[in-house]
Every structure is written in structure tokens, then in C-alpha cells.
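**Q** Following my numbering, the residues of the sequence shown are numbered contiguously, the last one being 300.
Note that beta-carbon positions come from the ideal geometry of N, C-alpha and C, so glycine has one too.
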Amino acid sequence: MRIETPVTRLLGVDLPIVQAGMSWASSGSALPLAVSRAGGLGVIAAGPMRLPDLARAIDEVEAGTDRPYAVNLPLYRKGAEEVMDLLCARRIPVLIASQGGPKRYIERFKDAGTLCLHVVAGEEHAAKAAGAGVDALVVVGAEAGGHPPAGLVSTLVMVRAVARHTPEVPIIASGGFADGEGLAAALALGAGAAQFGTRFLLSEESDLHPAYKAAVLAAGVGDTRTVGHQIGMIRLLANEFADRMTELERTAAALERRRAEFAASTLRMAAFEGDVVRGKVEAGQSAGLIDAILPAEVIVRTLAEEYAAALTRMPAPLRD
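(1) Under 8 Å by Cβ, that's how I've got L75 and L55 pegged, so tell me the actual separation to the nearest angstrom.
(2) What first and last residue would you give for the alpha helix (DSSP H) that runs through R179?
(3) DSSP beta-bridge partners for E241?
(4) Is the segment 99 to 111 close to the segment 62 to 82, with three or more CB pairs under 8 Å?
(5) Between the Cα of I(-17) and those of A276, T204, R179, G172, spot the shortest distance and give me the residue it belongs to.
(6) Excluding five sequence neighbours on each side, which residues of the same chain lie with their C-beta closer than 6 Å to the C-beta of T248?
(7) Helix, strand or coil, according to DSSP, for I152 in the structure here?
(8) Would the segment 225 to 241 count as touching the segment 176 to 183 if we require 3 or more Cβ pairs under 8 Å?
(9) Buried or exposed: E123, going by 16 or more other Cβ atoms within 10 Å of its Cβ?
(10) Do you know how far the Cα of A158 is from the Cα of H105?
(11) To the nearest whole angstrom, what separates the beta carbons of M2 and L181, a pair I think is in contact under 8 Å?
(12) Verify whether the separation of the beta carbon atoms of R57 and G81 is less than 7 Å.
(13) Can you find the residues in the same chain that come closer than 7 Å, C-beta to C-beta, to A18, ignoring five residues on each side of it along the sequence?
(14) Assuming A37 and S9 are in contact, meaning their beta carbons sit under 8 Å apart, how far apart are those beta carbons, in whole angstroms?
(15) Grouping DSSP H, G and I as helix and E and B as strand, with all else coil, what is H98?
(16) Can you say whether D115 is buried or exposed, counting buried as having 16 or more other CB atoms within 10 angstroms of its CB?
(17) Between the alpha carbons of L227 and A218, how many angstroms are there, rounded?
(18) Taking Cβ to Cβ, would you say L216 is nearer than 7 Å to V261?
(19) Work out the CA separation of M64 and D(-6) for me, nearest whole Å.
(20) When DSSP builds the beta bridges, which residues end up paired with N52?
(21) Could you check which residue in G264, C68, R71, A143 has the C-alpha nearest to that of A195?
(22) Tell me where the alpha helix (DSSP H) around V139 begins and ends.
(23) Find the nearest neighbour of I267 within the set R205, E285, R88, L95, judged by alpha-carbon distance.
(24) Could you tell me if T292 is buried or exposed, where buried requires 16 or more neighbouring beta carbons within 10 angstroms of its beta carbon?
(25) Chain D beta carbons: is any one of them nearer than 7 Å to that of R238?
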């Protein structure tokens, strides 16, 4: 199956399905390779990766498919300049950058022939990124796991706002998507693709501790929280850490105390070590829409099939 949109034409993929770059979950080759092979855009999450590991993951993806793939780079990570040197030297097909401004990287990656996508969470940042020359925008709404927008504006509103504000730039909608009906909604909002994070987090290829996957699979739509306000807000599952942070924020504890508590817990604790009580179990609200851990190829195919079925259920306009 092929679904053609401005984003699929830009990226050279068959389906408007983007796998989110998720630290630890896709910090390797298995998940992005499976998604790209299936017709979507697989994304290597470079955030926690050492340079040799990142180079090896790129080698493995390129050896396994001739389809496009992307690397996600949070620009705030330690050693970001060295990572960019590596990615430019490898002339990766697509860069998805976040947590920083595009002027820092746009020229060098354009010179390398890399498509540049930038993650935004508002009209102002979208306009600045478009003005800097990015090829497309990943627009994140409040439902997203990891780092939602500080104002917690829903994806429904955020995507429409950015689509109206920067209509000349293709959009990938992110936050709250778990099935083909969600994909249909994203395209109806004006996006050219949807990014799926939690849905691919719960894939067989996702490189997470089994306890992390089990916790997310058991979650309902109301079982996530946002913590870290004024520090670096994240959406994660409710657990002992989230409860402590919520109480500190509710009682307006001193900022330094909140910073210390926030820093004492890490994503690595949950994702790599399996501590889902004290670690940061980042996940989106769409966790409550997912009831099975599946191979990534099956997830991509199912999303496309559900999208096609959803279109047949849409009522046609009545004419007098």
C-alpha cells in the first residue's frame, strides 16, 4: 500500500508513518530498520548514544535497507557538535533535530544533502524554523510522551495552528497517535504524516527493559503525568518518582529542591535497568489505546490498513 502526501514525496517513503526517535527504545538499528523496511520512516535516537554505537547503528540500517531513515538529535545533548560532524560525514538521508534552534545546523546538513526536519511546539518556533530553511516540521502536542509543549496545548489545536501559520512547510503531527484512525485525523488536520512514539515503544524491536514495556502496556489513557514544570517538563507514567515531583510542585517547593529530585531519577533507570518505580517511565497518553506488543512491520501495516478502513467509514457530504 502507498499513501501519497507532501511528506511522503519529500522523504521518499511509501507511507506517512514516522517512528519517533525515542532514547533507548530506538537507540540502535533494530526498530528504525524494521520501520523503514515496512515503508515508514525509521528513526535512530542519537540522544544517549556514544559515537561508535551511533556509527554502528547507521551501518546496520544502511546494510539492511536502501529505504530512507532518519537520525534524531537533541541539540542540548553533551557532544552534540561531534555527533553532527559524524552525521554530516555519513550524509544521512534525514535529520530530525529538537531542543534547539535550526540555525546551528541547517547550512552544514544542507551542504551534505540531508533533509532537515525540526521539532516545534508552537507557531512562533515553527515560523522561525521555516524561515531558517528547514524542509519540514514535526509539530508536538500535549498528549506526547517525553517532552510535550510547555503550554500543554493539544495536538488537535497545535497542528491546526501551525498549519495555518506556516502553510508552505510540510508538517508531521506528533502526540496522541496510536492507530490508523489517528493517522486519518492527522492528515485531516493538515499534516502530511503522523509520528508514532508510544505505539512503536511497544514493539518487539524496541530496545527497552521488559518491565518498562509491561508498565506502559498496562497503562490507561489517564495514567500519565506531566512533571518538571520550569525545569524541563516531561510526560511519564505515574509512579513513585512522579508522585514525589507532583507533590513538590503542588506545594511550590523551592526550585533547587525540585531540580535535585528531578535529576535524581533518569530515563536510563527505567528503560535500561527496569526500575519503573523510581525511574522516568516516559510515555504518551496513547498508551491507553495500545493493547499488544507487536513486530514493527506489523504495526506499520496495521496502521495503513486501519487508515484505509477509517476512510471508508467517513460520511460523504449530502448534496441537495
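**A** Taking the structure as given:
(1) No, L75 and L55 are not in contact; Cβ-Cβ is about 11 Å, not under 8 Å.
(2) 178 to 181
(3) In DSSP, E241 forms no bridge with anything.
(4) yes
(5) Checking every option, the nearest Cα to that of I(-17) belongs to G172.
(6) Strictly speaking, residue 248 in this sequence is Arg, with Thr absent from that position. Around R248: no qualifying Cβ.
(7) strand
(8) no
(9) buried
(10) 26 Å
(11) 6 Å between Cβ atoms; contact.
(12) no
(13) A276, E277, V280, R281
(14) Rounded to the nearest angstrom, the Cβ distance from A37 to S9 is 4 Å, consistent with a contact under 8 Å.
(15) strand
(16) buried
(17) Correcting the residue type first, residue 227 is Glu in the shown sequence and not Leu. Answer to the nearest angstrom: the Cα atoms are 12 Å apart.
(18) yes
(19) 27 Å
(20) A25, I76
(21) Ranking G264, C68, R71, A143 by CA distance to the CA of A195 puts G264 first.
(22) 135 to 145
(23) Per the sequence shown, the amino acid found at residue 267 is Ala instead of Ile. Taking only the C-alpha atoms, the option nearest A267 is R205.
(24) By the Cβ neighbour-count rule, T292 is exposed, with fewer than 16 other Cβ atoms within 10 Å of its own.
(25) No chain D appears in the structure shown, which is made up of a single protein chain.
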